[in-house]
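**Q** I am attaching a structure below and will ask some questions about it afterwards.
Numbering (the working numbering), first residue to last: 76 to 509.
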């Protein structure tokens with residue numbers, strides 16, 4: 076198939092590259108000249124394991140190309156995927172300006188040939204209808220069918236998720252478009268759900284909101300475990316053995332971040348309230364997450380009281396999760412703000428995302444070159460992102476580097492009994508502590 080993907084962020088670049096790997100001819104479009112030049116040279120503007128190799132391979136084999144010329148790309152393609160950002164606006168609603176701008180450009184570019192336009196971006200219910208209206212406003216004779224095929228990719232494993240999806244959701248009322256989309260996705264899975272467009276749009280929001288709810292739920296339980304001396308990891312394990320619940324997304328920690336859960340939960344709240352429905356559960360999910368990062372300061376004060384000025388903190392991890400450089404809504408940013416407000420000196424290390432952090436907060440903290448430099452003479456170690464490099468730390472060696480053996484484990488990577496035996500003052504999230 077001949078495919079155009081508009082947008083070369085996480086979703087667009089990964090989806091377009093993987094479609095080309097399946098044997099399709101793919102043109103990825105972006106309006107930023109510098110970005111397109113980078114991609115043409117085989118350079119990847121985001122960190123995603125395995126992506127660079129696939130981009131370079133499919134470029135070399137002639138199936139993947141990059142351009143700023145949307146008109147040429149649209150007219151060479153049968154399927155046009157819209158994969159641009161839908162960030163939150165000041166009200167919490169999805170900012171649809173990028174999607175609608177692309178729709179107008181497609182309308183100006185499209186010829187009389189039948190085209191399938193696919194919303195891959197996470198969009199509010201009713202967006203497909205508005206996109207089709209905007210296309211035909213520009214070109215009344217446009218022969219298009221606008222469909223919804225939401226993405227369910229996780230940053231850090233997006234390539235694997237594309238090739239091994241749990242399911243594909245296709246929302247359309249057009250039989251011709253449906254058949255083309257089934258043909259495109261059939262090599263990936265037999266688990267294809269066909270539905271109307273509005274239900275497809277809702278499935279994406281509902282899925283992300285449910286996963287966010289599981290995270291906030293287990294974090295709330297963890298905070299209660301802290302108060303009573305129970306161990307949330309055992310609690311979660313016991314819950315997860317019930318097949319009605321399952322073990323996934325029951326890892327207590329510092330809350331969710333990134334590009335999806337925060338903005339999609341807020342967007343769903345806004346959608347509900349736009350129809351005069353008060354989504355109390357979703358408000359609670361957001362509220363729990365908004366305060367979860369504050370558990371770090373809770374533990375800091377529990378250990379040091381008010382005597383925090385001048386203490387050196389070794390912060391391990393900055394990205395919101397491992398295997399990505401995404402800093403959107405990363406708990407580390409809020410934690411840094413709180414720690415510096417307490418007069419603490421923060422030295423941080425992350426194997427991938429330090430440059431992006433510098434763009435956001437500049438020299439507010441010190442950036443170390445490696446783990447050892449981060450830990451040297453620290454009064455307190457805080458693990459924020461569970462990179463493999465940190466999970467494999469030699470705890471005895473760490474103790475030799477730090478000034479005081481105090482460890483706050485924001486991702487519950489280490490066993491409390493092991494840390495106590497090694498002589499640490501150890502605090503996890505919802506775990507027994509000393």
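Where a beta carbon is used, it is the ideal one built from N, C-alpha and C, also for glycine.
All of these numbers come straight from a predicted model, not from anything done at the bench.
Relative to the C-alpha of residue 346, which candidate in 290, 199, 501 has its C-alpha closest?
**A** Reading the chain shown from its first residue, position 271 is the one you call residue 346. If we check each option's Cα against that of residue 346, 199 comes out closest.
**Q** On a CA-only basis, which of 242, 192, 208 is nearest residue 222? Give me that one, please.
**A** Against the chain shown, residue 222 aligns to sequence position 147. Minimum Cα distance to residue 222 is reached at 192.
**Q** Using C-beta distances below 8 Å, list every residue in its chain close to residue 335, excluding the 5 sequence neighbours before and after it, in chain order.
**A** To locate residue 335, count along the chain shown from 1; it is residue 260. Correct list, in chain order: 197, 283.
**Q** Determine the extent of the alpha helix (DSSP H) in which residue 407 is found, giving its start and end residues.
**A** Here residue 407 corresponds to residue number 332 of the chain shown, with the count starting at 1. Where residue 407 is concerned, the enclosing alpha helix (DSSP H) stretches over 406-416.
**Q** Just the C-alpha distance for residue 111 and residue 122, rounded to the nearest angstrom, thanks.
**A** Within the chain shown, numbered from 1, the residue matching residue 111 stands at position 36. Within the chain shown, numbered from 1, the residue matching residue 122 stands at position 47. Computed Cα separation, rounded: 16 Å.
**Q** State the DSSP-derived secondary structure class of residue 457, mapped to helix, strand or coil.
**A** Residue numbering aside, residue 457 sits at position 382 when the chain shown is read from its first letter. Reduced to three states, the DSSP call for residue 457 is strand.
**Q** Just to confirm the assignment: which complete alpha helix (DSSP H) runs, minimum length 4, are found wholly within the segment 289-338?
**A** Complete alpha helix (DSSP H) runs here, min 4: 307-315.
**Q** Quick one, are the C-beta atoms of residue 101 and residue 91 less than 7 Å apart?
**A** Counted from its first residue, the chain shown places residue 101 at position 26. Counted from its first residue, the chain shown places residue 91 at position 16. Yes; because the gap between Cβ atoms is below 7 Å, this pair is in contact.
**Q** If we ignore side chains and look at the alpha-carbon of each, how far apart do residue 178 and residue 76 end up?
**A** By 1-based counting over the chain shown, the position of residue 178 is 103. By 1-based counting over the chain shown, the position of residue 76 is 1. The straight-line gap from Cα to Cα measures roughly 21 Å.
**Q** With burial defined as no fewer than 16 other Cβ atoms inside 10 Å of the residue's Cβ, what is the status of residue 280: buried or exposed?
**A** Taking the chain shown and counting its residues from 1, one reaches residue 280 at position 205. By the neighbour-count rule (16 or more Cβ atoms within 10 Å), residue 280 is buried.
**Q** Are the segment 447-460 and the segment 378-392 in contact at 8 Å, needing three or more beta carbon pairs?
**A** Contact between the segment 447-460 and the segment 378-392 is present, because at least three Cβ pairs lie under 8 Å.
**Q** Taking 6 Å as the limit between beta carbons, can you name the residues of its chain near residue 275, skipping five residues before and five after?
**A** Position 200 of the chain shown holds residue 275. Cβ neighbours of residue 275 beyond the five flanking positions: 223, 244, 246.
**Q** Give the C-beta separation of residue 287 and residue 331 to the nearest angstrom, bearing in mind that I take them to be a contact with Cβ-Cβ under 8 Å.
**A** As a position in the chain shown, residue 287 is number 212, starting the count at 1. As a position in the chain shown, residue 331 is number 256, starting the count at 1. Yes, residue 287 and residue 331 are in contact; Cβ-Cβ is about 6 Å, under 8 Å.
**Q** Going by the beta-carbon positions, is the gap between residue 195 and residue 158 smaller than 7 Å?
**A** The residue you call residue 195 lines up with position 120 of the chain shown. The residue you call residue 158 lines up with position 83 of the chain shown. Closer than 7 Å, so yes.
**Q** Using the beta-carbon count (16 or more within 10 Å), is residue 395 buried or exposed?
**A** For the purposes of this step, residue 395 is taken as residue 320 along the chain shown, with counting starting at 1. Buried: at least 16 other Cβ atoms inside 10 Å.
**Q** Counting C-beta neighbours from all protein chains within 10 Å, is the total for residue 367 16 or more, i.e. buried, or is it exposed?
**A** For the purposes of this step, residue 367 is identified with residue 292 of the chain shown, where counting begins at 1. Buried is the call here.
**Q** Could you check whether residue 486 and residue 455 sit closer than 7 Å to each other, using their CB atoms as the reference points?
**A** In the chain shown, residue 455 corresponds to position 380, counting from 1. In the chain shown, residue 486 corresponds to position 411, counting from 1. No, these two residues do not count as a Cβ contact at 7 Å.
**Q** Ends of the alpha helix (DSSP H) at residue 440?
**A** For the purposes of this step, residue 440 is taken as residue 365 along the chain shown, with counting starting at 1. No alpha helix (DSSP H) contains residue 440, which DSSP labels as neither H nor E.
**Q** Along the chain, where does the beta strand (DSSP E) that runs through residue 484 open and close?
**A** Sequence index remark: in the chain shown, residue 484 carries index 409 (1-based). It spans 481-484 - the beta strand (DSSP E) in which residue 484 sits, taken as one unbroken run.
**Q** List the endpoints of the continuous beta strand (DSSP E) containing residue 350.
**A** Here residue 350 refers to the residue found at position 275 of the chain shown. Element bounds for residue 350: n/a, residue is neither H nor E.
**Q** At what residues does the beta strand (DSSP E) containing residue 140 begin and finish?
**A** Position 65 of the chain shown, counted from the first residue, corresponds to residue 140. Residues 139-142.
**Q** Could you give the C-beta distance for residue 153 and residue 190, rounded to a whole number, given that I count them as a contact under 8 Å?
**A** In the chain shown, residue 153 corresponds to position 78, counting from 1. In the chain shown, residue 190 corresponds to position 115, counting from 1. Confirmed, Cβ separation roughly 7 Å.
**Q** Name the DSSP bridge partner or partners of residue 511?
**A** No answer is possible for residue 511: the residues shown for the chain start at 76 and end at 509.
**Q** Where does residue 32 fall in DSSP's three states?
**A** This structure gives no information on residue 32, because the portion of the chain shown stretches from 76 to 509.
**Q** Using DSSP with H/G/I as helix, E/B as strand and the rest coil, what is residue 202?
**A** Counting from 1 along the chain shown, the entry for residue 202 is found at position 127. Residue state, collapsed to three classes: helix.
**Q** In the DSSP output, which residue or residues are listed as bridge partners for residue 100?
**A** The sequence position of residue 100 within the chain shown is 25, counting from 1. Its beta-bridge partners are 77.
**Q** When you compare the segment 374-387 with the segment 458-476, are there three or more beta-carbon pairs, one atom per stretch, that lie closer than 8 Å?
**A** Too few Cβ pairs lie closer than 8 Å, so no.
**Q** Which partner residues does residue 345 have in the DSSP bridge list?
**A** For the purposes of this step, residue 345 is identified with residue 270 of the chain shown, where counting begins at 1. In the DSSP output, where bridge partners are listed per residue, residue 345 has none listed.
**Q** Under the DSSP definition of a beta bridge, which residues are partnered with residue 387?
**A** Here residue 387 refers to the residue found at position 312 when the chain shown is read from its first residue. Answer by DSSP bridge pairing, in chain order: 420.
**Q** May I ask which residues mark the beginning and end of the beta strand (DSSP E) holding residue 356?
**A** Here residue 356 refers to the residue found at position 281 of the chain shown. That residue, residue 356, is in no beta strand (DSSP E); its alpha helix (DSSP H) goes 355-367.
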